[in-house]
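S.K.: My questions all concern the structure below.
Residue numbers (our numbering): 2 to 96.
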């Protein structure tokens, strides 16, 4: 009988304890650079976006040398051997 009472008391104590809530993450900052990696059959593509705008695509082919595609005109890309993307490391002044 004592065991049943102790068990009932423990069960009721656990049922009254608050349920753990999921951690709320902060909002995503669109000003941060975003890199999306896509794996293709013949190459791996790294899309670099700043403020939601595509700035550069790094292409690493399975066979061959890495190259970069930079948006030139609407829907067209220019090919470069080196990255042209310059990301600021610190913001000193902003207005």
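Virtual Cβ for every residue (Gly too), placed ideally from N, Cα, C.
None of these values were measured; they are calculated from a predicted model.
Measuring straight from C-alpha to C-alpha, what distance separates residue 51 and residue 57?
M.R.: For this step, residue 51 is matched to residue 50 along the chain shown. For this step, residue 57 is matched to residue 56 along the chain shown. Going by the C-alpha atoms only, they are around 10 Å apart.
S.K.: Within its chain, find whatever has a CB closer than 6 Å to the CB of residue 91; leave out the 5 residues flanking it on each side and keep chain order.
M.R.: Numbered from 1 along the chain shown, position 90 holds the residue referred to as residue 91. So no residue of the chain qualifies.
S.K.: State the CB to CB distance for the pair residue 72 and residue 78, rounded to an integer number of angstroms; the pair is presumed to be in contact (CB under 8 Å).
M.R.: Position 71 of the chain shown, counted from the first residue, corresponds to residue 72. Position 77 of the chain shown, counted from the first residue, corresponds to residue 78. Confirmed, Cβ separation roughly 6 Å.
S.K.: Which of helix, strand or coil does DSSP assign to residue 1?
M.R.: Examination of residue 1 is not possible in this model, given that the chain is present from 2 through 96 alone.
S.K.: Would you call the CB atoms of residue 61 and residue 74 closer than 8 Å?
M.R.: Sequence index remark: in the chain shown, residue 61 carries index 60 (1-based). Sequence index remark: in the chain shown, residue 74 carries index 73 (1-based). No, the pair does not count as a contact, with Cβ atoms beyond the cut-off.
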